[in-house]
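Numbering (the numbering used here), first residue to last: 167 to 636. Everything below concerns the one structure shown next.
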Amino acid sequence: MTALLDTLRGIVGAANVLTEDGGNDLAAYLLDWRRRWRGRALAVVRPGSTAEVAALVRACAAAGTAIVPQGGNTGLVGGGVPDASGEQVLLSTQRLARVRAVDAANLAITAEAGCALQTVQQAAADAGLLFPLSLASEGSCTLGGNLATNAGGTQVLRFGNARELCLGLEVVTAEGEVWEGLTGLRKDNTGYDLRDLFIGSEGTLGIITAATMKLAPQPAATMTALAACESLAACVALLKLARARLGAGLTGFEVMGRFALDLVARHFPQLPRPLPAAPWTVLLEHSDTEGDAQARQRFETLLGAALEAGTVSDAVVAESLAQSQGLWHLRESIPLAQAEEGLNIKHDIALPVSAIPAFCESTDRLLLERFPGARLVNFGHLGDGNLHYNLQCPDGADGRRFVAEHEHEVNSLVFDALVPFGGSFSAEHGIGALKRDELAARKSPVALGLMKRVKAALDPHGIFNPGRVL
Ligand code: FAD
Ligand code: ZN
């Protein structure tokens, strides 16, 4: 192993091979964001170029050493931290952080995998354009991680997931070759779509080193509103109305259950909460090509109609950019407030939007009958049919113990309940370590067989992120 470490040092320089023995504090790399998975690593290596990544992969492959790619370490399914063996190499993309090019006329940006999502957004904004991927973790998550997990976020209903935004990739293969697929083409039917194989593969098929992504024109005005609804069915009715009235101008539609916002109030009391507590609060975002006045008028007409129809019971439109950011901050603080409250059981589920009210009604009831006093933290991207349908232990109970004792049963209950509604047990966070057994149990044998053949073809010796996904 010392021989391998020496080779790695020769490739990236000693300063970029970090080991616990070498006195480095590796906690930021080895413990995941949820503090659920703590791994150990032979070394954390930080390559500074695609060529270095390729050389590292060749060295590790020759030594039969597994590689765990990691970007911002904000993933929620334990896919980006090594196992406990201390034998895997963690490849951090932190130093692959250059924006290579912005092609404004082609509405495209090419950036390296380790760029923080916010850096890519800022580079687009500097060119007067919009990079429309947006997640609460955007300050730390990376473009490579976004693609490896096919991240979703808050603008999917208008612009799609990371996959829909991706035009081309540069990838280091398990042989240590570089696939140069950085094209800015919207149309390219030249054989199998290799790009789509790597997107969403969670580091198990190759290492994404750079990507070319779609940009969009910046809207002339963006406006945010909050609306209170008495039921999830009313939220769905509001979505339908907002789509009809705003068309492509509807760029955000997030739903927040009462308890989710109560947790924010408990842990971040300084955040203003402009509407009184309601069973459901919807955050709507409207982007307009004309300007502020028209955006406001459209929004007010929509909300007026919704109030009149009884679809919403109360509503407020942000008056300024600061207020608008405050509303988003409220929404984005839910996962953080939940983490403050303690360990919990998370579900990132997808359903046809039309099925969401009935699914929640029956599944809430089943959960509360089985686990009296447990608290449902339900929020998410209703516009995409994606809920973060989480369960927190009863007030005052020990979260860690609740999760240890009941997670399996809670998961089975929720995932079984999705089946008759045609839902998915992983919408945007992926499989990682957390849902690997669910994938094996719930995906059809045909689908699993195809996935295993893809893995065997692209990573025959299993050096990329072993034990994750499959
Ligand atoms: P990491 O956590 O470092 O890695 C994630 C996976 O990708 C791992 O399997 C890793 O091996 C692999 N990987 C990373 N980089 C590469 C690479 N260059 N090549 C190959 N494989 C790679 N996700 C959403 O989809 N929508 C949300 O709205 C959302 N909100 C979030 C809010 C908060 C507060 C937090 C903490 C997380 C949220 N997430 C969300 C989850 C997470 O931020 C995303 O999954 C993000 O895309 C992960 O990026 P990362 O760089 O942190 O990846
Ligand atoms: Zn989400």
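Even for Gly, the Cβ is constructed at its ideal location relative to N, Cα and C. Note that the coordinates shown come from a computational prediction; the quantities given were computed from them, not determined experimentally.
Item to complete: Tell me, please, which residues DSSP counts as bridged to W199.
Response: Paired residue(s): none; W199 is not in a bridge.
Using 6 Å as the cut-off, classify the Cβ of A317 as near or not near the heavy atoms of the ligand FAD, replying yes or no.
Between the ligand FAD and A317, a heavy atom-to-CB distance of less than 6 Å is present.
| What did DSSP end up calling I374 once you bin it into helix, strand or coil? | The answer is strand: DSSP assigns I374 an E or B state.
- Say whether chain D places a C-beta atom closer than 7 Å to the C-beta of D172. In the displayed structure, chain D is absent; only one protein chain is listed.
Cβ-based burial, L351 [other Cβ within 10 Å; buried from 16] = When all chains shown are included, L351 counts as exposed.
Going by the DSSP bridge assignment, what does L557 pair with across the sheet?
Answer by DSSP bridge pairing, in chain order: I511, L542.
Q. Are T390 and S303 closer than 7 Å when you measure CB to CB?
A. No, Cβ-Cβ distance for T390 and S303 is not below 7 Å.
Review point. For P235, which beta-bridge partners are listed by DSSP?
Key: According to DSSP, P235 shares a beta bridge with L257.
How would you label K182, buried or exposed, when you count the other beta carbons within 10 angstroms and need 16 or more for buried?
-> Checking the sequence, you will find Asn at residue 182 rather than Lys. Buried, because 16 or more other Cβ atoms sit within 10 Å of the Cβ of N182.
Problem set entry | For N556 and V543, believed in contact at Cβ under 8 Å, the rounded distance | Confirmed, about 4 Å.
G413 - DSSP class collapsed to helix/strand/coil:
Three-state result, G413: helix.
- Query: Thinking just about the alpha-carbon of each residue, which of G415, L184, F587 is nearest to the one in S520?
  - Reply: Selected option, being the one with the closest Cα: F587.
Suppose you measure from the CA of F325 to the CA of C332; what does that come to, to the nearest Å?
Their backbone Cα atoms lie some 11 Å apart in a straight line.
Sheet register partners of D454 (DSSP bridge) = In DSSP, D454 forms a bridge with A387.
Provide the residue span of the beta strand (DSSP E) that contains T276, from first to last. Looking at the DSSP string, the run of the beta strand (DSSP E) that includes T276 is 274-278.
Original post:
Going by DSSP, which residues form a beta bridge with L295?
Top reply: Partner(s): P383.
- request: Report yes or no: do the segment 201-215 and the segment 249-257 share at least 3 C-beta pairs separated by less than 8 Å?
  value: With a cut-off of 8 Å, the segment 249-257 and the segment 201-215 count as touching, because enough Cβ pairs lie within range.
Can you determine whether any heavy atom of the ligand FAD sits closer than 6 Å to the C-beta of S578, and answer yes or no? Flag unset: Cβ of S578 not near the ligand FAD.
Under the three-state DSSP convention, the category E571 falls into | It is helical.
Original post:
Roughly how many angstroms lie between the CA atoms of G457 and A293, to the nearest whole one?
Top reply: Roughly 19 Å separates the two Cα atoms.
Where the beta strand (DSSP E) through D269 begins and ends: DSSP places D269 inside the beta strand (DSSP E), whose first and last residues are 265-269.
Note to self: Strictly by DSSP, which residues pair up with C226?
What the structure shows: Under DSSP, C226 shares a beta bridge with no residue.
Q) What is the rounded straight-line gap between the Cα of T276 and the Cα of D187? A) Their backbone Cα atoms lie some 37 Å apart in a straight line.
Any heavy atom of the ligand FAD closer than 6 Å to the Cβ of A373? It is Ile, not Ala, that sits at residue 373 in the sequence shown. Yes, Cβ of I373 sits closer than 6 Å to a heavy atom of the ligand FAD.
Worksheet item: Thinking just about the alpha-carbon of each residue, which of V612, S300, T240, L309 is nearest to the one in V265?
Response: Of all alpha-carbon atoms in V612, S300, T240, L309, the one lying nearest the alpha-carbon of V265 is that of L309.
If I'm right that T339 touches T378 with Cβ under 8 Å, what's the distance once you round it to whole angstroms?
Contact doesn't hold; Cβ gap of about 18 Å is too wide.
Item to check | C-alpha distance - Q384 paired with E594, whole-angstrom precision | outcome: If you take the alpha carbons of Q384 and E594, they lie about 25 Å apart.
Worksheet item: If you compare alpha carbons, which of A217, L192, S215, A225 is closest to T168?
Response: Of the listed residues, the one whose Cα sits closest to T168 is A225.
Notebook entry, point to check: In three-state terms, what does DSSP make of V585?
Noted result: The answer is helix: DSSP assigns V585 an H, G or I state.
*asked:* Contact defined as beta carbons within less than 8 Å: I believe L360 pairs with G347. What is the distance between those atoms, to the nearest angstrom?
replied: That pair is a contact at about 6 Å.
Answer yes or no: do A393 and V322 have a C-beta to C-beta separation smaller than 7 Å? With contacts defined by Cβ atoms closer than 7 Å, A393 and V322 do not form a contacting pair.
Expressed to the nearest angstrom, what Euclidean distance is found between the alpha-carbon atoms of V612 and K618?
-> In this model, V612 and K618 are separated by some 10 Å (Cα to Cα).
ask   = Are there three or more Cβ pairs, one per stretch, closer than 8 Å when the segment 427-440 is compared with the segment 397-417?
value = Fewer than three pairs of CB atoms, one per stretch, sit closer than 8 Å, so the segment 427-440 makes no contact with the segment 397-417.
key: Rounded Cβ spacing between N631 and V234 (contact assumed at less than 8 Å)   = That belief holds up - the Cβ atoms of N631 and V234 are roughly 5 Å apart, short of 8 Å.
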